[in-house]
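Trainee: First the structure, which I've put down as structure tokens, then a few questions once you've had a look.
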Amino acid sequence: MAAPWPPCRRLPHWTVCILAAGYALVQVHDCLSRFLAEPVSSHRDTVFMDQLPTPAITLCNPNLSGYILDRLIFKSNKYLYDLPWDEEGNETIPYLLDVAAVGAKEALENCRLRGRPCSTVGAWSRRLHSSVGDCFTFTPNTSEPIQVGDGYEVTFILPHEVYRTSVETLYVLRGNSFLEVRHDRSNVRLSVFVHPPDEPFSSLPWIQPQEPLYVRPGGQAEVRVTLEDIERVSQRHLPCESRPGYSSARCSLLCHAEAASAATGLDCRVTDMPTTAALCGNFANYSAVQRAFTTAAGAQAAMGECRQRCPRPCRQRRYLAALGSSLGQDETRLRQFSMRIYYGGEPVQLYRELWSYGASALVGEAGGVLGLMLGLSVLSVFEAVSQLVESIVQRVSARAGSAINVLD
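Add 1093 to the 1-based position in the sequence shown for my numbering, that's all there is to it.
Below is the structure:
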């Protein structure tokens, strides 16, 4: 029977195996750490598309902001709390809005989308937004795409009750009191927003950050639209929502509305809020809810909860609008705003988030490290296994020999 190998001969093989295994574990740990860090890379690209989705548009009269404008009933020494709250109750603000903008609904009759009357391919809705004014939103009800160069042609005519001439005195609400102001042509403008049709419009920047375009009266403004298509990956520290029909703006509006109601303890809403509750029926309640919902200070308390409750969408379309030149300026048409809102010749901007180091990379790299280390130490592994087997055989043989001697 061969003598067992001396320790000095067995030690190098086990040392190589231990070092190889330790190095492999360190490398695998490094791979796992990078994977758990969820590294993401961003890629931008541009493509040209002939068929593009139809956006929604919102036109706002900023001089009917909440800071509401009134021109007939109230004098400059009147205050918001002097409105007929007792008589009108929760219809007080709609009443004031109708008084201040009689005929505003008819101002949008001259609107065409892809050459067809807007009324046949969608619907207008009206809502008073505290920060941007009396707003009319057109939402198309068709999924038909439009081509580059196509879009909206809109003529918005402000009612006589809102603007008469460039020198008339109007009453604008600032804070709680009406102030006399004299309008000139430089003060007359219309705010234009272009946004996704499947999301509600909001003027609150923590809900739907977007900057308005200001259109002046008397000519035809050119509003060029480009599309940004965004795809994100969902990470633990920055998740995104991929459910069909999910809208982060709608979710955030409801979340902040609920937070405002909870903060004030009032079961009523202001015109900015999308809830089904009745409008607040007196000045104290209306102003309290409005401060809680429409100011950054009021919304700050709910910001963290609403961001967690309403993550960003994994797939999102964003419309970027730029104001071009105004054609045929006519200063005599003080109340008429004409505009063409269309896709320009610019390509679609693609924004993609990709995993820089995902599960497949983890498996591939970790497996490669283990394979390399095993390959480098394969002879040592075989030698070590051979020694282990030989040692076991020797011990079994020795025990068998001892048992025979005992029997003898």
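We put the CB at the ideal spot given by N, CA and C, even for glycine.
Taking residue 1440 as the reference, which of 1220, 1244, 1219 and 1321 has the closest Cα?
Mentor: Taking the first residue of the sequence shown as position 1, residue 1440 is located at position 347. Out of 1220, 1244, 1219 and 1321, 1321 has the C-alpha closest to the C-alpha of residue 1440.
Trainee: Got a sec, what are the start and stop residues for the beta strand (DSSP E) residue 1283 sits in?
Mentor: As a working mapping, residue 1283 is identified with position 190 in the sequence shown. It spans 1283-1288 - the beta strand (DSSP E) in which residue 1283 sits, taken as one unbroken run.
Trainee: Run the CB neighbour count on residue 1434, radius 10 Å, all protein chains shown included, and call it buried at 16 or more, exposed below.
Mentor: The residue given as residue 1434 occupies position 341 in the sequence shown. Classification of residue 1434: buried, given that the 10 Å Cβ count is 16 or more.
Trainee: Residue 1380 lies in the alpha helix (DSSP H); which residues open and close that run?
Mentor: Taking the sequence shown and counting its residues from 1, one reaches residue 1380 at position 287. From DSSP, the alpha helix (DSSP H) with residue 1380 extends over 1376-1387.
Trainee: Within 8 Å of any Cβ in chain B, is that where the Cβ of residue 1358 sits?
Mentor: The chain labelled as chain B is not found in the depicted structure, where only one protein chain is given.
Trainee: Name the residue from 1305, 1404 and 1356 whose alpha carbon lies nearest to the alpha carbon of residue 1387.
Mentor: Here residue 1387 refers to the residue found at position 294 when the sequence shown is read from its first residue. Out of 1305, 1404 and 1356, 1356 has the C-alpha closest to the C-alpha of residue 1387.
Trainee: Do you know how far the Cα of residue 1242 is from the Cα of residue 1413?
Mentor: Position 320 of the sequence shown, counted from the first residue, corresponds to residue 1413. Position 149 of the sequence shown, counted from the first residue, corresponds to residue 1242. So the alpha carbons of these two residues sit roughly 15 Å apart.
Trainee: Looking at the strands, I want to know which residues DSSP matches up with residue 1151.
Mentor: On the sequence shown, position 58 is the one that residue 1151 refers to. The partner list for residue 1151 (beta bridge, DSSP) reads 1230 and 1286.
Trainee: Could you compute how far the alpha carbon of residue 1352 sits from the alpha carbon of residue 1345?
Mentor: Translated into positions along the sequence shown, residue 1352 becomes position 259. Translated into positions along the sequence shown, residue 1345 becomes position 252. Roughly 10 Å between the two C-alpha positions.
Trainee: Can you look up residue 1352 in the DSSP assignment and give me helix, strand or coil?
Mentor: On the sequence shown, position 259 is the one that residue 1352 refers to. In this structure, residue 1352 counts as helix in the three-state DSSP scheme.
Trainee: Using C-beta distances below 7 Å, list every residue in its chain close to residue 1360, excluding the 5 sequence neighbours before and after it, in chain order.
Mentor: Mapped onto the sequence shown, residue 1360 falls at position 267. Excluding sequence neighbours, residue 1360 sits near 1354 and 1370.
Trainee: Can you tell which of 1347, 1141, 1153 and 1136 has its C-alpha closest to the C-alpha of residue 1305?
Mentor: Residue 1305 sits at position 212 when you count from the first residue of the sequence shown. It is 1153.
Trainee: Should residue 1148 go down as buried or exposed, given a rule of 16 or more other Cβ atoms within 10 Å for buried?
Mentor: As a working mapping, residue 1148 is identified with position 55 in the sequence shown. So residue 1148 ends up on the buried side.
Trainee: I need the boundaries of the beta strand (DSSP E) containing residue 1217, first residue and last residue.
Mentor: Counting from 1 along the sequence shown, the entry for residue 1217 is found at position 124. Looking at the DSSP string, the run of the beta strand (DSSP E) that includes residue 1217 is 1215-1222.
Trainee: To the nearest angstrom, how far is it from the Cα of residue 1299 to the Cα of residue 1312?
Mentor: In the sequence shown, the residue the question calls residue 1299 occupies position 206. In the sequence shown, the residue the question calls residue 1312 occupies position 219. Rounded to whole angstroms, residue 1299 to residue 1312 spans 33 Å at the Cα level.
Trainee: So, are the CB atoms of residue 1323 and residue 1411 less than 8 Å apart?
Mentor: For the purposes of this step, residue 1323 is taken as residue 230 along the sequence shown, with counting starting at 1. For the purposes of this step, residue 1411 is taken as residue 318 along the sequence shown, with counting starting at 1. Yes.
Trainee: For the alpha helix (DSSP H) that residue 1291 lies in, which residues bound it at each end?
Mentor: Taking the sequence shown and counting its residues from 1, the one referred to as residue 1291 is at position 198. Looking at the DSSP string, residue 1291 is not in any alpha helix (DSSP H), and its letter there is neither H nor E.
Trainee: Does the distance from the C-beta atom of residue 1228 to that of residue 1220 stay below 8 Å?
Mentor: As a working note, residue 1228 is residue 135 in the sequence shown. As a working note, residue 1220 is residue 127 in the sequence shown. Contact: yes.
Trainee: Tell me which residue opens and which closes the beta strand (DSSP E) that residue 1315 is part of.
Mentor: Against the sequence shown, residue 1315 aligns to sequence position 222. Segment 1313-1324, the beta strand (DSSP E) holding residue 1315.
Trainee: Hey, is the segment 1286-1301 in contact with the segment 1377-1392, meaning 3+ C-beta pairs nearer than 8 Å?
Mentor: Enough Cβ pairs lie closer than 8 Å, so yes.
Trainee: Hey, out of 1307, 1409, 1215 and 1185, whose CA is closest to residue 1417's CA?
Mentor: The count along the sequence shown starts at 1 and reaches residue 1417 at position 324. Nearest of 1307, 1409, 1215 and 1185 to residue 1417, Cα basis: 1307.
Trainee: What residue range does the alpha helix (DSSP H) around residue 1181 cover?
Mentor: Position 88 of the sequence shown holds residue 1181. 1178-1181 is the extent of the alpha helix (DSSP H) around residue 1181.
Trainee: Would you report the Cα separation of residue 1292 and residue 1343, rounded to the nearest angstrom?
Mentor: What you label residue 1292 is simply residue 199 of the sequence shown in a count that begins at 1. What you label residue 1343 is simply residue 250 of the sequence shown in a count that begins at 1. When rounded, the distance between both Cα atoms is 7 Å.
Trainee: Verify whether the separation of the beta carbon atoms of residue 1285 and residue 1432 is less than 8 Å.
Mentor: Numbered from 1 along the sequence shown, position 192 holds the residue referred to as residue 1285. Numbered from 1 along the sequence shown, position 339 holds the residue referred to as residue 1432. Cβ atoms of residue 1285 and residue 1432: closer than 8 Å.
Trainee: On a CA-only basis, which of 1362, 1380 and 1347 is nearest residue 1402? Give me that one, please.
Mentor: Taking the first residue of the sequence shown as position 1, residue 1402 is located at position 309. Of 1362, 1380 and 1347, the residue nearest in Cα terms is 1347.
Trainee: Out of 1373, 1310 and 1301, state which residue places its alpha-carbon closest to the alpha-carbon of residue 1340.
Mentor: For the purposes of this step, residue 1340 is taken as residue 247 along the sequence shown, with counting starting at 1. Among 1373, 1310 and 1301, the Cα nearest to that of residue 1340 belongs to 1301.
Trainee: Considering only C-alpha positions, which residue in the set 1239, 1207, 1488 and 1303 is nearest to residue 1415?
Mentor: The residue given as residue 1415 occupies position 322 in the sequence shown. Per the Cα distances, 1303.
Trainee: Within 10 Å of its beta-carbon, does residue 1362 have 16 or more other beta-carbons around it, so buried, or fewer, so exposed?
Mentor: As a first step, residue 1362 must be located in the sequence shown, where it is residue number 269. By the 10 Å Cβ count, residue 1362 comes out buried.
Trainee: In chain order, what residues of the same chain have a beta carbon less than 8 Å from the beta carbon of residue 1394, not counting five sequence neighbours either side?
Mentor: Taking the sequence shown and counting its residues from 1, the one referred to as residue 1394 is at position 301. Hits under 8 Å: 1352 and 1356.
Trainee: What did DSSP end up calling residue 1339 once you bin it into helix, strand or coil?
Mentor: Residue numbering aside, residue 1339 sits at position 246 when the sequence shown is read from its first letter. If DSSP states are grouped into helix, strand and coil, residue 1339 belongs with coil.
Trainee: Going by DSSP, what residues sit across from residue 1415 in a beta bridge?
Mentor: The sequence position of residue 1415 within the sequence shown is 322, counting from 1. DSSP output for residue 1415 lists 1317 as bridge partner(s).
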